[in-house]
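> Submitted below is the structure of interest, expressed as structure tokens.
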Amino acid sequence: MYLSILTFLLQIILPFNDLFTGQTCRMDVMHGGDRNTEWVALDEFRIEKEWAGTRTNLTNDLNLGTYRIQLIHKKDSSLIFSQGINGIFGEWQTTAEASLMQRAFHESFRFPEPKESVKVLIQKRDSLNNFETLTSFDLDPKHWRVNRENVYEKGLLKDIHISGNADKKLDILILSEGYQEEDLYKFFEDANRMSSALFKEEPFKSRKEDINIRALGIQSVESGISNPRAKEQVNSAFDLHFNSLGSDRYVLTYSNKKIREAIAHVPYDALIIVANEKKYGGAGLYNLWATVTSDNKLSDYVFVHELGHSLAGLGDEYYTSSVAYEIEPPKVEPWEPNLTALLSDTLKWAALVDEDTPIPTPWKKAEFDTFEENYPPMPSVLSTLEILDYMDEKGEKKQLLLQSSLYYDKVGAFEGGGYLSEKIYRPQVDCIMHTQNDVGFCKVCVHHLNKILDYYSEK
136 MYLSILTFLL QIILPFNDLF TGQTCRMDVM HGGDRNTEWV ALDEFRIEKE
186 WAGTRTNLTN DLNLGTYRIQ LIHKKDSSLI FSQGINGIFG EWQTTAEASL
236 MQRAFHESFR FPEPKESVKV LIQKRDSLNN FETLTSFDLD PKHWRVNREN
286 VYEKGLLKDI HISGNADKKL DILILSEGYQ EEDLYKFFED ANRMSSALFK
336 EEPFKSRKED INIRALGIQS VESGISNPRA KEQVNSAFDL HFNSLGSDRY
386 VLTYSNKKIR EAIAHVPYDA LIIVANEKKY GGAGLYNLWA TVTSDNKLSD
436 YVFVHELGHS LAGLGDEYYT SSVAYEIEPP KVEPWEPNLT ALLSDTLKWA
486 ALVDEDTPIP TPWKKAEFDT FEENYPPMPS VLSTLEILDY MDEKGEKKQL
536 LLQSSLYYDK VGAFEGGGYL SEKIYRPQVD CIMHTQNDVG FCKVCVHHLN
586 KILDYYSEK
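According to this note's numbering, the stretch in the sequence shown is residues 136 to 594, in order.
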């Protein structure tokens, strides 16, 4: 009881500068295991440039993420920093391959550099969605093993939109991948275009002055990214590739340290990597990074959708597309703010639901499922452009069907989401997190994204 009161008082009394140096500390680890085992091994503590994140909301982790990092002050056991995160290992652990072998992935946790010794806790949600400590590491910032090698500026950094100091804004960094030196002008054009697409969507449109966007152009030896299933290997700067975790369109890289060292001089809260590719693809992991390919009709949509994952922890609301994960109906409420299993006495977005809206909320699910099941499959020999035309035509028909639902414009609890057809519910019939239709974020997602913007802009 005494310690909890002391922790609370410390969070109020001690300003940022009493606890932290103002620099960023990055903890690099190897995170591995299989379906039933898990371990984390320390690589190093690395000091980067100035901390760009909030300096007041340090212990408010928003209860997001499958994992969480916490800093515990050694002198008084007070909590001085907490933040949720997702990682590649956590994603891979839900795939079929995790039942057959062990794998390990390089991951990073970033936090403000403490002035004094701390214990760093890495925690993971248990079966009841409560956080339990997976492992811990002692950090003495004065120890000679802490890597303080100079951080050198790499690439060409350009401001896309700057509205104020990094510590009071959401700082988004767009990083190039697969652009040769002569193509970097195109990267900055792509970054500007995608930033404009983001600012067309609420709440980013109304909160533009709470956001900074920068673009860092780093050249690759070859153009594009690798596509292992098609036996196409590309020498790109950060080794992004299709077919990640067994999914053709899923674009990841396992060269995390390459990325972190390349951007260590830039202030950022959210990172999105743009790959110089026509093929449709992308990914987004909460507080890790997002990826998107640059040159197809859906690139701008994917940029916004994946940022919804990586910036705000929003869950996918679709359930008819194939994914690499093996998902079972949840036994507790999912932590994602836009998904529910209706297992709590109070709907997590109840404040946005009209009194006359039934819960669960009916929609044309049977017709939608029949449409998806019977729609002609996409031929395997189509070009990239033909694939996108196929997706456009299907999307238009899908949108008309969704719009005919009685409660289309209402917030409720609509069955189907999070890759599951049953026992999981989304807030509205349609949303950027559900389909590629031009509908914007649903009201619940907008409400949550405003919380994220408040967190970073300290409002």
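Note that the Cβ used here is the ideal one computed from N, Cα and C, for glycine as well.
All values reported here derive from a predicted model rather than from experimental measurement.
Spatial neighbours of Phe339 within its chain, please: C-beta separation below 7 angstroms, excluding the five flanking residues on both sides.
Residue numbering aside, residue 339 sits at position 204 when the sequence shown is read from its first letter. Leu333 and Ile346.
> Give the straight-line distance between the Cα atoms of Phe377 and Ser390, rounded to the nearest whole angstrom.
Sequence index remark: in the sequence shown, residue 377 carries index 242 (1-based). Sequence index remark: in the sequence shown, residue 390 carries index 255 (1-based). C-alpha separation (whole angstroms): 14 angstroms.
> Can you tell me the Cα-Cα spacing of Ala372 and Val164, whole angstroms?
Taking the first residue of the sequence shown as position 1, residue 372 is located at position 237. Taking the first residue of the sequence shown as position 1, residue 164 is located at position 29. Going by the C-alpha atoms only, they are around 21 angstroms apart.
> Taking only three categories from DSSP, how would you classify Glu183?
Counting from one through the sequence shown, the residue named residue 183 turns up at place 48. Three-state DSSP puts Glu183 in a strand.
> If you reduce the DSSP assignment to three classes, tell me which class Ile297 lands in.
The residue you call residue 297 lines up with position 162 of the sequence shown. In this structure, Ile297 counts as coil in the three-state DSSP scheme.
> In the DSSP assignment, what residue or residues form a beta bridge with Thr270?
Counted from its first residue, the sequence shown places residue 270 at position 135. In DSSP, Thr270 forms a bridge with Ile257.
> Could you name the residues of the same chain whose beta carbon sits closer than 7 angstroms to that of Tyr421, not counting the 5 residues immediately before and after it, in chain order?
Mapped onto the sequence shown, residue 421 falls at position 286. Excluding positions up to five away in sequence, the list reads Leu199, Gly200, Gly219, Ile220, Asn221, His444, Ser445 and Gly448.
> Buried or exposed for Leu141, please, with buried defined as at least 16 other CB atoms from any protein chain shown within 10 angstroms of its CB.
Here residue 141 corresponds to residue number 6 of the sequence shown, with the count starting at 1. Since pLDDT at Leu141 reaches only 45, below the 50 mark, its modelled position is unreliable, and the value read off the structure follows with that caveat. By the neighbour-count rule (16 or more Cβ atoms within 10 Å), Leu141 is not buried but exposed.
> Check the C-beta distance from Ile223 over to Phe240 and give it rounded, since I have them as a contact under 8 angstroms.
Position 88 of the sequence shown, counting from 1, holds the residue named residue 223. Position 105 of the sequence shown, counting from 1, holds the residue named residue 240. Ile223 to Phe240, Cβ: 4 angstroms. Contact.
> Helix or strand or just coil, what does DSSP make of Ile353?
Sequence index remark: in the sequence shown, residue 353 carries index 218 (1-based). Residue state, collapsed to three classes: coil.
> Does DSSP put Thr505 in a helix, in a strand, or in coil?
Here residue 505 refers to the residue found at position 370 when the sequence shown is read from its first residue. DSSP places Thr505 in helix when its eight states are reduced to three.
> Report yes if the CB atom of Gly313 is closer than 8 angstroms to the CB atom of Leu375, and no otherwise.
Stepping through the sequence shown from its first residue, residue 313 is reached at position 178. Stepping through the sequence shown from its first residue, residue 375 is reached at position 240. The answer is yes: Cβ separation under 8 angstroms.
> Rounded to a whole number of angstroms, what is the C-alpha to C-alpha distance between Arg203 and Lys259?
By one-based count along the sequence shown, residue 203 stands at place 68. By one-based count along the sequence shown, residue 259 stands at place 124. Approximately 6 angstroms between the Cα atoms of the pair.
> With respect to the alpha helix (DSSP H) encompassing Met526, which residues constitute its N-terminal and C-terminal limits?
As a first step, residue 526 must be located in the sequence shown, where it is residue number 391. Note, Met526: alpha helix (DSSP H), Thr519 to Gln538.
> Measuring CB atoms only, is the region 538 to 551 touching the region 584 to 592, in the sense that at least three cross pairs come out at less than 8 angstroms?
With the cut-off at 8 angstroms, the region 538 to 551 and the region 584 to 592 do not touch.
> Jot down the residue ranges of each uninterrupted beta strand (DSSP E) in the region 390 to 466, minimum 3 residues, whole runs only, in chain order.
Listed in chain order, they are 405 to 410, 417 to 420 and 424 to 428.
> So the candidates are His440, Asp544 and Gly416; which of them puts its Cα closest to the Cα of Met568?
Here residue 568 is taken as the residue at index 433 of the sequence shown, counted from 1. Of the candidates His440, Asp544 and Gly416, the one whose C-alpha sits nearest the C-alpha of Met568 is His440.
> Please list, in chain order, all residues of the same chain as Ser382 whose beta carbon is under 7 angstroms from its beta carbon, the five residues on each side excluded.
Working through the sequence shown from its first residue, we reach residue 382 at position 247. Excluding residues within five positions, the ones whose Cβ falls inside 7 angstroms are Val458 and Ala459.
> Measuring CA to CA, which of Met162, Arg561, Asp318 and His582 is closest to Tyr412?
As a working mapping, residue 412 is identified with position 277 in the sequence shown. Correcting the residue type first, residue 412 is Glu in the shown sequence and not Tyr. If we check each option's Cα against that of Glu412, Asp318 comes out closest.
> From the DSSP output, read off the bridge partner residues of Gly553.
Stepping through the sequence shown from its first residue, residue 553 is reached at position 418. DSSP lists no partner for Gly553.
> Which residue's Cα is closest to the Cα of Thr492: Met526, Ser540 and Lys545?
To locate residue 492, count along the sequence shown from 1; it is residue 357. Considering only alpha carbons, the answer is Lys545.
> DSSP three-state label for Val579, please.
As a first step, residue 579 must be located in the sequence shown, where it is residue number 444. Of the three classes helix, strand and coil, the one that applies to Val579 here is helix, per DSSP.
> Let me know the secondary structure DSSP gives Arg245 once reduced to three states.
The count along the sequence shown starts at 1 and reaches residue 245 at position 110. Three-state result, Arg245: strand.
> Whose C-alpha, out of Thr159, Ser330 and Trp470, is nearest the C-alpha of Asn282?
Taking the sequence shown and counting its residues from 1, the one referred to as residue 282 is at position 147. The option with the nearest alpha carbon to Asn282 is Thr159.
> Could you say if the region 480 to 494 and the region 562 to 582 meet the contact criterion of at least three C-beta pairs nearer than 8 angstroms?
Flag = yes, the region 480 to 494 and the region 562 to 582 touch.
> By Cβ distance, which residues of its chain are closer than 6 angstroms to Leu154, with the 5 residues on each side in sequence left out?
Here the question's residue 154 lines up with position 19 in the sequence shown. Contacts found: Ile215.
> Just mark Trp279 as buried or exposed, buried being the case when its beta carbon has 16 or more other beta carbons within 10 Å.
One-based indexing of the sequence shown puts residue 279 at position 144. The residue is exposed, with fewer than 16 neighbouring Cβ atoms inside 10 Å.
> Whole angstroms is fine: what's the gap from Leu145's alpha carbon to Phe151's?
Counted from its first residue, the sequence shown places residue 145 at position 10. Counted from its first residue, the sequence shown places residue 151 at position 16. Reliability fails at Leu145, whose pLDDT of 46 lies under 50, so the model's placement of it is uncertain and the value that follows must be treated cautiously. Distance between the alpha carbons of Leu145 and Phe151 is about 11 angstroms.
> Can you give me the Cβ contacts of Ser330 inside the same chain, cut-off strictly under 6 angstroms, excluding the 5 residues immediately before and after it?
Within the sequence shown, numbered from 1, the residue matching residue 330 stands at position 195. Only Ile295 and Ile348 meet the Cβ criterion.
> For the alpha helix (DSSP H) that Glu324 lies in, which residues bound it at each end?
Locating residue 324 in the sequence shown gives position 189, counting from the first residue. First-last of the alpha helix (DSSP H) with Glu324: Leu319 to Leu333.
> Return the residue from the list Leu269, Arg181 and Lys289 that minimises the CA-CA distance to Gly167.
Position 32 of the sequence shown, counted from the start, is the residue given in the question as residue 167. Nearest C-alpha to Gly167: Leu269.
> Measure the C-alpha to C-alpha separation of Lys578 and Asp275 and round it to an integer number of angstroms.
The residue given as residue 578 occupies position 443 in the sequence shown. The residue given as residue 275 occupies position 140 in the sequence shown. So the two alpha carbons sit approximately 45 angstroms from each other.
> I need the straight-line Cα distance from Lys254 to Ser434, nearest angstrom please.
Residue numbering aside, residue 254 sits at position 119 when the sequence shown is read from its first letter. Residue numbering aside, residue 434 sits at position 299 when the sequence shown is read from its first letter. Their Cα atoms are separated by approximately 41 angstroms.
> Would you say Glu179 faces chain D, with C-beta separation under 8 angstroms as the test?
Note that chain D does not occur in the displayed structure, where there is just one protein chain.
> Taking the beta carbon of Ser217 as the centre, do at least 16 other beta carbons fall within 10 Å, making it buried, or is it exposed?
Here the question's residue 217 lines up with position 82 in the sequence shown. Answer is buried; the Cβ neighbour count reaches 16.
> Report yes if the C-beta distance between Glu336 and Phe503 is below 8 angstroms; otherwise report no.
Here residue 336 corresponds to residue number 201 of the sequence shown, with the count starting at 1. Here residue 503 corresponds to residue number 368 of the sequence shown, with the count starting at 1. No, Cβ-Cβ distance for Glu336 and Phe503 is not below 8 angstroms.
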